[in-house]
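Counting with mature numbering (1 follows the signal peptide of the UniProt record, and there is no 0), you get residues -37 to -1, 1 to 1096 for the letters of the sequence shown.
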Amino acid sequence: MGCLSFLMMSHHLHRSLRVLSFLCVVLFSVQEGAVWGSDSDKSVLLELKDSLSDPSGVLSSWDLNSPDHCVWAGVSCDSVSRVVALNVSGGGNSLSCARIAQFPLYGFGIRRPCLKSKGKILGKVSPSIAKLTGLRVLSLPFNELSGEIPAEIWGMESLENLNLEGNLISGSLPAQFSGLKNLKVLNLGFNEIFGGIPSSLSACVGLEVLNLAGNQIKGSIPAFIGNFKDLRGLYLSYNILNGPIPLDIGDNCRKLEYLELSGNYLSEGIPKSLGNCSLLKTLVLFSNMLEYAIPSELGRLSQLEVLDVSRNSLSGTVPSELGRCSNLSVLVLTSSWDPLPNITSLGSGLSMQKLANTVDEYNFYEGAIPIEVTSLSSLRVVWAPRATLEGMLPLSWGSCDNLEMLNLAQNFYSGHVPEGFSSCKKLHFLDLSSNRLSGEILDKLPVPCMTRFDISGNSLTGSIPRFNGSCTPVQSIYGEFQEPYDPSAAYISYFGYRTQMETSLPFFEDAGTFPVIHNFGSNNFTGLVQSLPFASERFGKQTVYAFLAAGNKLAGSFPGGLFDKCDQVRGMIVNVSENSLSGQIPTDIGTRCKSLLLLDASVNQLMGGIPSSIGDLVSLDVLNLSWNHLQGPIPSNLSQIKDIRGLSLAGNALNGSIPASFAQLHSLEVLDLSSNYLSGEIPQDFENLRNLKVLLLNNNKLSGQIPAKVANITNLSTFNVSFNNFSGPLPLNYNSTKCNCFLGNPFLQACPSFLLASPSTDQHGDPQNDATSPSSSPNETSERGGFNAIEIASITSSAAIVSVLVALIVLFFYTRKWKPRSRVSGTARKEVITFTDIGVPLTFDIVVRATASFNASNCIGSGGFGATYKAEVAPGVLVAVKRLALGRFQGVQQFDAEIKTLGRLRHRNLVTLIGYHASETEMFLIYNYLPGGNLEKFIQERSTRAVDWRVLHKIALDIARALAYLHDQCVPRVLHRDVKPSNILLDEEHNAYLSDFGLARLLGTSETHATTGVAGTFGYVAPEYAMTCRVSDKADVYSYGVVLLELISDKKALDPSFSSYGNGFNIVAWACMLLRQGHAKEFFTAGLWDSSPHDDLVEVLHLAVVCTVDSLSSRPTMKQVVRRLKQLQPPSC
């Protein structure tokens, strides 16, 4: 029994020993494998290092002699020393960082900024990295890795996170993603990847983040992305994607938090299904081609923080349901700035350049922003300039505890500036400019606390109050973008920075300055400015403060209080021009405001002398006291302002000589002393003013010789000494001097023929002929009609006597209430209303004189509305004056109301309406002058120049954009009713501008029929308009189609060659005939077919024909025309 027990015990012990031996072998094998795997990973890392360049020593710890590779920089291991993560973030290569810096709104949520560290690795990613079989994270962002991603990487089954953002990776995405079964993050943003998104990516069903932004990905967004049910972030911005946003994304991606699709060509509408993404925080869709209204379903997004739909083609009302988005902090409906810069120079490729040049703002909304939205307490930014919003400006802005930036500029809001803004303690940016606001502004508004306050271009009345309230210090919003990158903070930084960059004031360029701008200009403010609305304690000593109140009715003595806070800022800018200020400039201005950078008090009623203390304003950059009633000499100590660039004292009653010390103002670029009583000579030392560009001394009593070296200053482009008493020879400077610069100097040598103004092309392309041959010598000129000094003096004296006699005769008849027949010399109100400042005053007399009393020699075109004249209102300043035919237009009062509406229209492809005059005896409009002629002339002369499809396409797109703006963005919409080539003007770079827009609405009731002499031209008038007087935007579409047909063919709308086809046959019928016969090639102008893409040409021909079909419902809108032309954009050179 004991033996049996012993044997059994021995058996069990033996069996246990065998099991123990087996376990030891297994354990030894595992440990041996782990050691072998660890050593293998170490070898792979060293192999990877050898394949890369590491000039900054980022991988210096990766050393063969280092025993533990798991402590190497960027390496993470598991418990058995297998590499599971490789994180080496570089300092960014110059290309990728420069590109990303151009897109400050990119990447909320997973944004990886370019680091400040200079370390980075260079070269190609080695295929050996795939030997790290346990690798779950491969993160090498912002280095300088180039070439294609090795195919081996796409087979790494353990890989969960692949991040190569901000490198120079090229090539296309792989056809097979099937190996990456566990991939959760794919971040390839801002590389140089091209091609489409492959269908094999659908195998990565566990994706949580997909970032392909900033590449050259094309095609449509695949619907299978909707199958990524765990997707939290989708970033496809700044590519070449087209087509609709897949509905599946909203239907299935219920965990989605960040959706960024901006900067593509996405079309159709914003999917209603996105309202299902209840966790969505940012929806960024700017700069696409999205249409229709913002879906009300987005109101279900209770977590939404950012909604940016700017620069699309949206319409309709802003849905009140957005008021349910209780976390909404940023709402961007429109934007004046294109966030897509032309970065081709940084190597981004043609696609980016094309995108940047074709995206435009075509969001045209109806109504106002609903009160449900404006009452959201979470709002920090509301940005909607030029959004065609109308109605009463919302009075309720909730508690507005968080509101910081509100931009509703250039809309059609009416009503008062809301008192509720006084509760917005954080509000530092408020732009309500160019609306229809009226009434007074309250002193409770926190204006002193604002960095930007702009209410210019309204109809506000009352005085500019002494604003109350205290402010807390604020930090700059205009500097570099700071961490953390939360979306609303990034938008605040971006809009603040762009506002500063776009400002017309040149004083905010110095590093460290903090700009504060308060603009009250172009209203009806009256009374005195009691004090500046500026809280110096909020902004600090580095502030440059601009107080702008030009174009009001401010009256009373010159407000010395404007300079009370000069010692509290780095720089002060004051513009109170075009008011009714009187009295004298404070004599102590020089000691009170050492920080003054700009003072513009022009076009007021200031009297007395110029205080000599102004010479102590050593920081002054621009001084403009022109067109006042200042008297006495010019203080010589103004020469102490060494850095002054602009000095204008024109239009006063100053006497004495020009201070010789002005020759010390070496920074001076503009000196205007015209229209005074200055005497003496031009200082010889003015030749030292090497930066001088404009020198205007005309209409004075200056004498002596004109210094030749002064007229020949290298940079001098405008020089005028006319109507003085100069004598002696003329200085010869081909850049700045023309004969009209010397008129009215009776003792001056006769002007040589080669200084006569060279032939210029008028608005309609007709050259103005010179009477004298350019080859004539000075002697020949004298013999052929020139005059010597004595003859000129005699003629001038005789002319002066005649002028006096004429004046006496006119006075005689005038005192007897004789009414002259001439419209120009009538006694009606001679007021010129201006909408745009062109740098020189525009008065009735100046305009009439510039056209030589509307002399036929200055006429550059005529049409149904009247004749157009070229006018030089100041030396080198040209405008076009359209003198309207009286009797065809409304009464003065109605005309005033309508034209002011037209004067507010601003578009880059509309001729700018600068101003107008309207009285019972005279009506004229003032436009900017364009030297390139009109499209009719361009088409006629096309045979003399090479046909460039890019130019023709650009012209077609420019005009389509202008009409789309008039039809869809103007409230009420503006119908042109006379679109034709002669109403399309060109500049020297073939940019096209639509003219005569809106004039049809100015017609009187007797002129509103479809008479082609007034509102339409045969060949361009739509059939329904000609037959039934039905006026609609589709009539303009028809006319545009005819113009487009003319542009691409050799035929006119009613070409004589069509006579063989019978009556009524026109260019539209010819185009249809050739298309039916399959002979489209024969339609195009000579050379265009051979040098241009055939498919695009035929598409444009089809588009033009569709615009001219009889059915109004079948004609596209101009917005649709713009979209189609964008899609046919020819490549740039």
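We put the beta carbon where it would ideally sit given N, CA and C, even for glycine.
DSSP beta-bridge partners of residue i
i	result
N124	V100 and V148
E835	L841
Q179	F157
T506	F477
residue 1132	With the chain covering -37 to 1096 only, the question about residue 1132 has no answer from this structure.
A518	S543
G206	L229
M368	V344 and F392
E223	Y198 and V247
Buried or exposed (CB count within 10 angstroms, at least 16 for buried), residue i
i	result
K672	exposed
F981	exposed
H930	buried
V43	exposed
L27	exposed
N678	exposed
T554	exposed
R501	buried
Y328	buried
Q1040	exposed
C714	buried
Alpha-carbon to alpha-carbon, residue j and residue i
i	j	result
L1088	S230	14 Å
P522	S494	8 Å
V172	N227	19 Å
T831	K845	4 Å
L805	F798	11 Å
L1091	L1060	9 Å
F458	V272	15 Å
N482	V914	40 Å
Y956	Y454	33 Å
V942	V810	28 Å
G354	S289	25 Å
S52	S14	17 Å
L586	L525	15 Å
V803	F375	29 Å
A93	N178	25 Å
V293	Y221	14 Å
E794	E541	14 Å
N50	F105	11 Å
K833	T351	34 Å
Whole-Å CB distance - residue i paired with residue j, under 8 Å assumed
i	j	result
I536	F510	7 Å
residue 1100	D996	No statement about residue 1100 is possible, as the shown extent of the chain runs from -37 to 1096 and does not include it.
L631	L652	6 Å
E367	K388	That belief does not hold up - the Cβ atoms of E367 and K388 are roughly 10 Å apart, past 8 Å.
Y879	I862	5 Å
Among the options, nearest to residue i - alpha-carbon criterion
i	options	result
S520	V795, R908, G571 and S630	G571
F960	L876, S283 and M886	L876
E952	I160, L358 and G895	G895
Q463	E329, F477 and P209	F477
E284	L291, E268, L261 and N290	L261
S276	D1058, N154, N600 and Q932	Q932
D211	W590, P185, Y1024 and T884	P185
S666	L641, Q531 and A1049	L641
E128	I112, A138 and F140	I112
W360	R343, T351 and K87	R343
A848	F887, K863 and S183	F887
V1000	F1046, F1021, A919 and S23	A919
G118	L108, E107, A138 and N106	A138
S225	V581, L204 and C216	L204
C434	T424, A452 and V410	V410
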